[in-house]
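What follows is a set of notes on a single structure, which appears directly below.
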Amino acid sequence: MLRRVPRALRTAVIVAVLLAISASIAQSWTSGTPGTAGYTQTEWGPLGPADRDLLVKVRLAGLWEAPTGQQAQQQASRAEVQTVGTNIHAEHVELDRLVLETADQLGVLVPSRPTAEQLSWMNEMSGLTGTDYDRVFVQRLRAAHGVVLPLIAAVRVGTRNELVRQFAEEADQYVTRHLGYLESTGLVDYAELPEPPSPGLLAAGRGPADLVVPALVVVAAVLAALALFSAMRRRPAPVRAPAPDPTARAIAAIAAPRPAGDDVPPRPRYAEGRVTGSHSRISQTGPHSRIPTISQTGPRHSVRR
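Quick note on numbering: the sequence shown equals residues -26 to -1, 1 to 279 in mature numbering (1 follows the signal peptide of the UniProt record, and there is no 0).
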């Protein structure tokens, strides 16, 4: 049956199965337990990928939020927004010093300049004035703090490294205060903020990467079903024997005519001096008696009748 399945379809099924197996093995290698791939040992305990990522994200936040807060002190039109800018600038300078010290102790490399997206936000606000600046400043920083705060909380409750845990506790206090500063202005449009993740497939600590293997398994199953369906459609119909012809059977039962010459009666056969057949017996009396036999015994041969 496999020979009747198109080669391209067979190849697709095999590739999907191999990808599912490879992804499953890769996830088992990077599942994140202390001492496995991605972890390094330090004097404060194992340092994992999430720990390093937190230090990088907090450093990136300070690289653009600190100068933006300083800018708001002169460019904002409302006094409360200027005050928020002053507080955010001063506290991000302190938080940035803390993240650099922690990263240096743990040997983690952190960036030295903002990302392209962060630079685009800074350039956008540099071209604004008045209430437009106030609104965009508050909304941009409120959205950014809302992204980094869940990362801090997740590392705080799950890290195995004591130094990272202390840093996460302090960073959480800074970011939570900044959220309060920004929301106190009354300029936050909550409808424009990202919605919290809904419980479902990604709940209970599951992420998009956890769906790779199930998705590949589903693809392989669909391709296998298509292959089976294609093979069944290409399957040749069984060859049926023709129905017997009753006329031919009746003709075959009639004996064929005997050829000419078969009417001659059988010839007589002779066995041990006797004639068999219709003239099987000859009279032994009268003038045509049987020829006497010669005795084969004695010194002389005698004739017997």
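Built from N, CA and C at the ideal position, the CB exists for glycine as well. Quantities reported herein were computed from a predicted structural model and do not represent experimental measurements.
Shown here, Leu167 sits in coil according to DSSP, grouped into three states, outside any helix or strand. By the neighbour-count criterion, in which 16 or more other beta carbons inside 10 Å mark a residue as buried, Gln49 falls on the buried side. Rounded to the nearest angstrom, the gap between the Cα atoms of Asp106 and Val84 is 33 Å. Going by DSSP, Thr89 is part of no alpha helix (DSSP H) at all; its letter is neither H nor E.
Around Ala142, the same chain offers Ile126, Val129, Arg130 as residues with beta carbons nearer than 6 Å, after the five sequence neighbours per side are excluded. In the DSSP assignment, Pro41 falls within the alpha helix (DSSP H) that extends over 23 to 49. Using a 10 angstroms sphere on the CB of Asp108, the tally of other CB atoms reaches 16 or more, which defines it as buried. Looking at the backbone, the Cα of Gln79 and that of Ala198 are separated by about 53 Å.
The alpha carbon of Arg87 has as its nearest neighbour, out of Leu(-9), Glu157, Glu39, the alpha carbon of Glu39.
Residue pairing by DSSP places Thr14 opposite Leu21 in a beta bridge. If you look at Asn61, you'll find it in the alpha helix (DSSP H) that goes 53 to 80. An exposed status is given to Asn97, since fewer than 16 other beta-carbon atoms sit within 10 Å of its beta-carbon.
The straight-line gap separating the alpha-carbon atoms of Gln56 and His63 is approximately 11 Å.
Pairing Leu74 with Arg26 gives a Cβ-Cβ distance that is not under 9 Å. The C-beta of Arg71 has fewer than 16 other C-beta atoms within 10 Å across all chains shown, which makes the residue exposed. Counted as a single uninterrupted DSSP element, the alpha helix (DSSP H) harbouring Arg109 occupies residues 104 to 132. Your pair Thr60 and Gln47 checks out as a contact, with CB atoms roughly 5 Å apart and the cut at 8 Å. Secondary structure of Asn97 (DSSP, three-state): helix.
In this structure, the beta-carbon distance from Thr42 to Phe111 falls below 9 Å.
Residue burial annotation: Glu17 is exposed, with fewer than 16 other C-beta atoms found within 10 angstroms of its C-beta. DSSP places Thr150 in the uninterrupted alpha helix (DSSP H) bounded by 136 to 157. Ranked by Cα distance from Thr76, the first of Glu54, Gly120, Leu21, Gln92 is Leu21. Residue environment for Ala145: buried (at least 16 other C-beta atoms within 10 angstroms of its C-beta).
A buried status is given to Glu65, since no fewer than 16 other beta-carbon atoms sit within 10 Å of its beta-carbon. Taking C-beta atoms as the reference points, Leu161 and Gly120 fail to come closer than 9 Å. If you draw a straight line from the Cα of Ala35 to the Cα of Glu54, it comes to about 22 Å. In the three-state DSSP reduction, Pro188 falls in the helix class (H, G or I).
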